[in-house]
Structures are given as structure tokens and as C-alpha cells.
Amino acid sequence: MLNHRLINPPREPEKFVKAAITFLQKHAKDKKVFCALSGGIDSSATYLLLKEANINTIPVFIDHGLMRIIRGGEERENIKKLFPEVMVVDIREKFLPKIYGEEDAEVKRKLFKDAYSDTISKVIKEEKCDLLSDGTILPDIEESFGVKISDLKETMSLKEEVSLKNKNIRGFVKSQHNLDIEYDVEATIQPVASLTKPEVRKILEYFKMPNELVYRKAFPGPALSARIIGPVTSENLKFEKKVHDIVESTVDDYYTEKFGKPMVINDKGEQEPFQAFAATTTDVLLRKVTGIINGQRTYEVPLSIKGEWDFEKLVHFSSQIKGYARILYELYESHEGIYDVLIRSINSIDARTASVTNLPLDLIEEIKYKLLEIPDTKNIYFDITPKPPATIEYV
Ligand code: XMP
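Following the working numbering, the numbering of the sequence shown begins with 59 at its first residue and continues without gaps.
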């Protein structure tokens with residue numbers, strides 16, 4: 059299997075789109091292309107480029123049941139609204155029982171990767187697709203290969219890539235759930251491989267897509283299984299979807315009212331907020347969650363603090379304290395209810411580092427009161443840790 063990537067394209071959206079059309083027609087003319095849509099900005103931009111280049115494309119959305127809900131709408135409904143022609147493959151009944159009860163974060167990721175790649179392979183076979191197109195972007199590639207995009211060639215074989223990776227093992231950060239999979243296609247085709255997220259947003263603006271898509275917050279590949287700490291169950295999944303919706307929608311409303319859009323580029327060049335979400339578990343203070351101490355990924359219990367709200371002081375404290383990678387500011391303590399809720403809102407350029415969003419206390423309190431209306435909410439915390447020493451997600 060080969061990988062075709064558009065390398066070093068012009069950055070200005072109109073010129074970029076022209077270059078992408080030439081690239082897509084060169085590699086995919088007269089071929090049938092499978093395009094996995096996740097509902098996120100990268101795969102949406104990829105699909106719009108394929109359409110613009112008149113490539114015979116099958117857009118596919120895999121509904122595994124662990125997608126977020128935004129403003130009461132399930133992701134499959136959102137994607138149908140954006141792209142009515144999308145094929146929705148529903149694997150909920152088969153996939154969810156497999157992941158229910160699984161505690162280990164890496165096993166959850168593996169189950170996810172397998173379900174995802176098996177489903178893609180099945181559709182590729184049924185639909186007789188020649189190529190697979192995806193929304194791999196610049197940080198995905200640079201973190202996986204440990205090299206700069208300009209060190210790659212437009213067309214490379216998987217074998218060449220593995221050898222390049224092995225030579226640059228020190229620059230390697232993580233393997234993406236959607237990379238390193240050998241599909242039964244001639245090649246993958248990656249038109250947005252040289253772009254950063256803000257550049258992808260510009261392409262969506264060029265295509266006049268609605269603000270809800272252009273400024274959509276990033277979402278982890280393993281979806282809500284990365285936000286339910288410990289085992290996923292059908293009960294905590296329902297709860298997580300509700301509390302997540304409250305946090306993301308309330309933060310979006312605040313930014314939209316203040317700035318006219320749900321995300322801004324702040325004076326540090328960060329997308330603010332890059333992600334705003336809720337995570338959940340029982341007894342979070344007894345749970346080990348991910349962090350980065352001395353450059354190493356760690357698994358440690360968080361520290362909870364309470365007292366007067368002073369954003370700058372609290373965030374400074376949480377970035378300096380030794381021995382902990384995660385500091386939670388206690389907003390509400392209860393002896394009733396089942397699930398603890400962690401509110402996390404971070405700003406970031408490319409998710410490699412992140413700062414805590416300086417949300418006003420009034421807004422945080424508003425979120426807290428909305429969360430308390432959901433039955434089963436127990437303790438509520440606001441995560442005040444930058445990355446590093448924390449990671450963005452908890453698993
Ligand atoms: P962390 O938690 O490592 O997350 O600071 C960095 C960014 O990556 C997203 N994330 C993932 N994305 N597969 C993905 O494709 C994964 O397994 C995964 N885990 C985390 C996370 O949402 C953040 O944007």
C-alpha cells in the first residue's frame with residue numbers, strides 16, 4: 059500500500075484548494091475512493107476537497123455509539139445534516155458490548171482501533187474501493203514519524219515509512235489510531251497532510267461551511283472511552299453524554315456571545331478554547347489518570363484543592379507542584395450521587411502543549427449548577443492543570 063500526501067502546498071486557501079484538486083486528480087482520477095468522515099474538521103475538509111475535485115467518493119461515518127452529543131444532537135444526525143449523502147454504518151450493537159466493562163486505557167484504544175479498521179475494510183471490500191482518503195494532518199504525521207513533513211515524499215510505501223520512523227525514534231510521540239493500518243487498497247490519499255488545524259479551519263471557511271463546523275472542537279479518536287475513566291458501562295456512557303453536552307455547549311455559548319464565534323485565536327496563537335469537555339468516573343481521587351512528569355507519560359492519582367478562586371495563582375501552583383500531574387479545583391462536594399464530573403477547558407496550538415482556559419468564575423458556576431440538575435452527579439471539579447504536567451485527556 060502506498061501513501062500519497064500533498065506536501066508543501068501554497069497556504070492561501072484558494073491556491074491551496076487548486077493545488078489539492080490537481081493532487082487528487084493526479085492520484086484518484088477514474089478511481090473509487092473510500093472517505094471516512096468522523097464529524098471532525100480534518101475529515102470534513104478532506105471530503106469537501108474530494109467533491110471539489112469531482113472524485114468518485116463514498117463518504118462513510120462509522121457510528122460506534124461513543125460519539126459526543128452536542129446540543130442534544132447525536133453525531134450521526136449532525137453529519138447527515140452537513141453531508142446528506144453520507145453512508146452511516148451502525149456498529150453500536152456489536153461494538154459497545156465488547157468495550158463495556160473494560161478498564162485498561164490501552165485495551166480500550168486497541169478495541170477501538172480494531173473495530174474501526176475492521177469496519178473500514180469491510181466497506182472497502184463491499185464497495186470495491188481502490189483508494190482510502192483520510193484527514194491526517196501535520197501534527198499527526200510529525201508526531202508519528204518524528205520528522206518534518208518536508209522530509210517526506212509525496213508518494214511513499216509503508217515499508218519506506220517504517221524505516222524512516224525507526225531512524226527517527228527520538229522524535230516519535232505517539233501512534234495515531236488511524237495510522238499504520240494496512241488496508242486492502244492501492245494507496246491512501248491525504249490532501250490535508252501538510253495543514254495545521256487553524257489552516258484546515260480556513261479551508262472550511264473557504265467552502266462556506268457553518269461556524270459550528272469551522273470552529274468545532276477536537277475530539278479524541280477513541281471518543282468518549284477516553285473521557286470515562288475506568289470501565290465504560292451503558293449507565294456511565296449515558297451520563298457522560300449529558301454532562302459533556304452541558305460543558306461544551308455552555309462554553310460555546312459564552313464565546314459566541316462574547317466574540318461572535320465559539321473559538322478565537324488568542325495572543326499566544328492558541329485556539330481558545332481548543333477543547334472543552336467533561337470527563338467522568340466514580341471516586342476520581344482514587345483513580346490513576348494520565349500525565350507527563352519529566353517528559354515521561356505517568357499514571358497517578360490527582361490532587362484536589364479548594365479555597366479562594368484565583369485563576370493565575372491556581373494554574374501557576376498546579377504547574378509547579380512536585381509529584382502530581384493533575385490538580386483538580388473542587389467546585390462541589392457531595393455525599394450523594396454516583397459520578398464525579400471533571401470540567402476541562404484548554405487552549406492549544408496543536409495539542410502537544412495546552413494551557414487552561416481562563417473561564418470566568420460566573421461561567422464555571424453556571425456550568426456547575428447545570429451539572430447538579432443531572433441525577434447521579436456527585437462531586438464536581440475544574441481541572442486547573444496545563445499540559446505538561448497533565449495531558450489533555452485522562453486516559
Ligand atoms: P493528550 O491527552 O495526549 O491528547 O494530551 C492530545 C490530543 O490528542 C487527542 N487524543 C487522541 N487522538 N487517538 C487520537 O486520534 C487517541 O488515542 C487520542 N488520545 C487523545 C486528545 O483529544 C487531544 O486533542
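Each residue gets a CB set at the ideal place from its N, CA and C atoms; glycine is no exception.
What you are looking at is a predicted structure, and each value in this text was computed from that prediction instead of being measured.
- Three or more beta-carbon pairs separated by less than 8 Å link the stretch 191-203 to the stretch 404-415, which places the two stretches in contact.
- In the DSSP assignment, S376 falls within the unbroken alpha helix (DSSP H) covering 369-378.
- A residue is called buried once 16 or more other Cβ atoms fall within 10 Å of its Cβ, and S376 is buried on that count.
- Secondary structure note for P197: it is in no beta strand (DSSP E), and the uninterrupted alpha helix (DSSP H) holding it is 196-203.
- Rounded to whole angstroms, the Cβ separation of F92 and V146 is 14 Å, and the two are not in contact under 8 Å.
- Rounded to the nearest whole angstrom, the C-alpha separation of L262 and S191 is 17 Å.
- The three-state reading of DSSP puts Y397 in strand, counting E and B together.
- By the Cβ-count criterion, N61 is buried, with 16 or more other Cβ atoms from all chains shown falling within 10 Å of its own Cβ.
- Counting along the chain, the unbroken alpha helix (DSSP H) around A163 starts and ends at 163-184.
- Residues of the same chain with a CB within less than 6 Å of the CB of E451, apart from the 5 flanking positions on each side, are P278, A284 in chain order.
- Partner residues in the beta bridge of M214, as assigned by DSSP, are N61.
- For L95 against F119, the beta-carbon gap comes to about 5 Å, under 8 Å, which counts as contact.
- Relative to the Cα of T340, the nearest Cα in the group K428, K436, L389 belongs to K436.
- Distance from Y158 to S292 at the Cβ level is roughly 7 Å; contact confirmed, criterion being Cβ atoms closer than 8 Å.
- The shortest C-alpha to C-alpha distance from V399 to any of I323, K186, V301, D148 is the one to V301.
- When the beta-carbon positions are compared, G288 and T449 stay at least 8 Å from each other.
- Check the Cα spacing between L389 and each of N66, A173, L430, E201: the tightest is with L430.
- Judged by the Cβ position, G279 qualifies as a neighbour of ligand 1 at the 7 Å threshold, a heavy atom of the ligand being closer than this.
- As the crow flies, the alpha-carbon of E110 is around 8 Å from that of V75.
- Three or more pairs of CB atoms, one per stretch, sit closer than 8 Å, so the stretch 321-336 contacts the stretch 410-429.
- Counting only residues of its own chain and dropping the five nearest sequence neighbours on each side, V342 has a CB closer than 6 Å to the CB of D398.
- DSSP, reduced to helix, strand and coil, places F265 outside both helices and strands of the structure shown, so it counts as coil.
- CA-CA distance, Y264 to T246, rounds to 25 Å.
- L189 is bridged by DSSP to V91, A245.
- Taken atom to atom, the span from the alpha-carbon of P447 to that of R259 is near 28 Å.
- Placement of the Cβ of A284 at a distance of less than 7 Å from at least one heavy atom of ligand 1 is found.
- Around the beta carbon of K296, a 10 Å sphere encloses fewer than 16 other beta carbons of the protein chains shown; the residue is thus reported as exposed.
- For A284, the three-state secondary structure derived from DSSP is helix.
- Per DSSP, D434 is not a residue of any alpha helix (DSSP H), being assigned neither H nor E.
- Linking L386 to I442 through their CA atoms gives a straight-line distance of about 6 Å.
- Per DSSP, T80 has no beta bridge partner at all.
- Counting every other CB atom within 10 Å of its CB across the protein chains shown gives F317 a total below 16, marking it as exposed.
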